[in-house]
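I have placed the structure first, in the form of structure tokens, so that the comments after it can refer back to it.
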Amino acid sequence: MAGNSSRRGATSKGKNKAAGSGGRIRRSLEGRGPTPRAEDRVYHKAYKAKQAALKKQSSPKRQTRSAVGADWVVGRNPVLEALEAGMPVKQTYVAEGAERDDRLRDILKFAAEHSIPLLQVTRAELDRVTGGLVHQGVALQLPAFEYADPEDVFADAAETDGVVVALDGITDPRNLGAIIRSAAAFGAAGVVIPSRRSASMTAAAWKTSAGAAARLPVAMATNLNRALEKASSLGFTVVGLAGEGDVEVSGMPGTDGPLVIVIGSEGEGLARLVREHCDALVSIPIASDVESLNASVAASVALYEVTHQRRQQD
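Just so you know, we're using our numbering here: the sequence shown kicks off at 75 and counts up by one.
This is the structure in structure tokens:
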């Protein structure tokens, strides 16, 4: 019928129109590509968190901490004092055009007399290697410290009935250096420090030890408790210094044989597991209005007492 033919034509014409829309429908179905990640959408909280993290990483303060390690001494007075203290030197840097004064002249003279290598660099380069610290045109780089093996220290000390000082939680490098100095002064066989929760041989520790770190073995133990177990198996008496110890330092046991003296931090003292590995807890009598002794002072008192008792036994 004519009417039916007309309707079919209309329907066909409508379909052709949709198909000939210039691809508008197809493009609308394609979408706008993959959805951006949350951290790439400026209105999303993940984006703000990412930007804050990037800003923190690029801040000058963070760069200084990451660029400058414990192997640097900067500034004219510190460098001169480090040289005169006999600290090991890997390289000494002097900035080009640095103003000459008495301290710099002394540094240059000392370096020349002791055949210490000097490297002249631009101030910008010295700023870069020292992480932007105030270097006053001179800086000193220390070599990486070579720690002894704790088992070797204990084995050598066991043969001579030596004294080994073990540290638990000493985080101040100056305390570490002072203890090393005292240990060397009283003839200890070595010092053992843990790899965690402890100061390491930084420039400050080197300086405070007054060169003793170059003469006395300093060992780093992965696990202090296992190191103490090893010492016990070799015949050492292990004593810990503790303010509440039942035995006074004058009655310290084990002074006639190989001995380990364990010293804890001034604030927290010895850790629980470390206490359990001690054969005795020894106290140093002090006035009641004084809470505790500095760790390095306590070490010196205990080491002196061991030396005193051994002399009496001889």
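Cβ coordinates follow ideal geometry from the N, Cα and C atoms, glycine included.
Run through DSSP, which three-state label would residue i get?
i	result
Tyr378	helix
Gly343	strand
Glu322	strand
Val227	helix
Ser357	strand
Gln215	strand
Ile190	coil
Thr296	coil
Just mark residue i as buried or exposed, buried being the case when its beta carbon has 16 or more other beta carbons within 10 Å.
i	result
His351	buried
Asn90	Bear in mind that a pLDDT of 49 at Asn90, under 50, signals an unreliable position, so the number given afterwards is only what the model happens to contain. Label assigned to Asn90: exposed.
Gly331	exposed
Lys183	exposed
Glu173	exposed
Ser362	exposed
Arg150	buried
Gly309	exposed
Which residue wins for smallest C-alpha separation from residue i, given the options the options?
i	options	result
Gly62	Gly236, Phe219, Glu170, Ala159	Shown here, the chain extends from 75 to 388; a query on residue 62 therefore has no answer.
Ile267	Ser283, Ala287, Met294, Gly261	Met294
Met161	Thr311, Asp176, Asp145	Asp145
Phe228	Val364, Pro291, Asn151, Ser362	Pro291
Arg270	Gly341, Ala287, Ala345	Ala345
Leu214	Ser307, Thr234, Ala169, Val364	Ala169
Is there a C-beta anywhere in chain B that falls below 8 Å from the one on residue i?
i	result
Val292	Note that chain B does not occur in the displayed structure, where there is just one protein chain.
So residue i and residue j are supposed to be a Cβ contact under 8 Å. How far apart are they, rounded?
i	j	result
Val163	His209	Rounded, the Cβ-Cβ distance is 15 Å, inconsistent with contact.
Asp337	Ala288	It is worth fixing the name first, because residue 337 is Ile in this sequence and not Asp. Wrong, their Cβ atoms sit about 22 Å apart, outside the cutoff.
Leu333	Thr311	5 Å
Please determine if the region 307-325 and the region 354-369 are in contact, where contact requires at least 3 C-beta pairs separated by less than 8 Å. yes
Is there contact between the region 242-261 and the region 317-331, where contact requires at least three CB pairs shorter than 8 Å? no
Mind the definition here: the region 234-251 touches the region 191-203 only if three or more C-beta pairs lie below 8 Å; say whether that holds. No, the region 234-251 is not in contact with the region 191-203.
Counting Cβ pairs closer than 8 Å, one from the region 219-226 and one from the region 178-195, do we hit at least three? no
Three or more beta-carbon pairs under 8 Å between the region 290-300 and the region 225-242, yes or no? Under the Cβ criterion (8 Å, minimum of three pairs), the region 290-300 counts as touching the region 225-242.
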